[in-house]
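Student:
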């Protein structure tokens with residue numbers, strides 16, 4: 080029998096940017112919370128444009144996809 084995730088039914092509104100905030104939201108999501116990420120209208124999370132010399136996925140940096 081599958082157990083109910085610890086944070087099932089919890090909704091998190093994430094307005095953070097860069098590394099630590101989105102990483103925390105990722106962990107909360109892993110524990111079962113529903114995470115709604117709200118980004119700046121003028122370009123989104125700063126990590127979208129971080130290290131653009133890395134392999135890009137859909138126009139975003141790989142670090143963005145790793146933590147979001």
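Numbering (the numbering used here), first residue to last: 80 to 147.
We treat Cβ as the ideally placed atom computed from N, Cα and C, and that holds for glycine.
Quantities reported herein were computed from a predicted structural model and do not represent experimental measurements.
Would you check if the distance between the CB atom of residue 84 and the CB atom of residue 107 is smaller than 8 angstroms?
Tutor: Locating residue 84 in the chain shown gives position 5, where the first residue counts as 1. Locating residue 107 in the chain shown gives position 28, where the first residue counts as 1. Not closer than 8 angstroms, so no.
Student: Starting from the C-beta of residue 115, find all residues in its chain whose C-beta is less than 8 angstroms away, skip the five residues before and the five after it, and write them out in chain order.
Tutor: Here residue 115 corresponds to residue number 36 of the chain shown, with the count starting at 1. Closer than 8 angstroms at the Cβ level, and outside the excluded window around residue 115, lie 90, 91, 92 and 93.
Student: Ends of the beta strand (DSSP E) at residue 113?
Tutor: Here the question's residue 113 lines up with position 34 in the chain shown. Run containing residue 113: 113–116, per the beta strand (DSSP E) assignment.
Student: Going by Cα to Cα distance, which pick from 102, 86, 119 and 100 is closest to residue 112?
Tutor: Mapped onto the chain shown, residue 112 falls at position 33. Cα-wise, what sits closest to residue 112 is 86.
Student: Using a Cβ-Cβ cutoff of less than 8 angstroms, which residues in the same chain neighbour residue 119 once the five nearest sequence positions on both sides are dropped?
Tutor: Here residue 119 refers to the residue found at position 40 of the chain shown. The answer, listed in chain order, is 96.
Student: At which residues does the alpha helix (DSSP H) containing residue 109 begin and terminate?
Tutor: Position 30 of the chain shown holds residue 109. That run of the alpha helix (DSSP H) goes 99–109.
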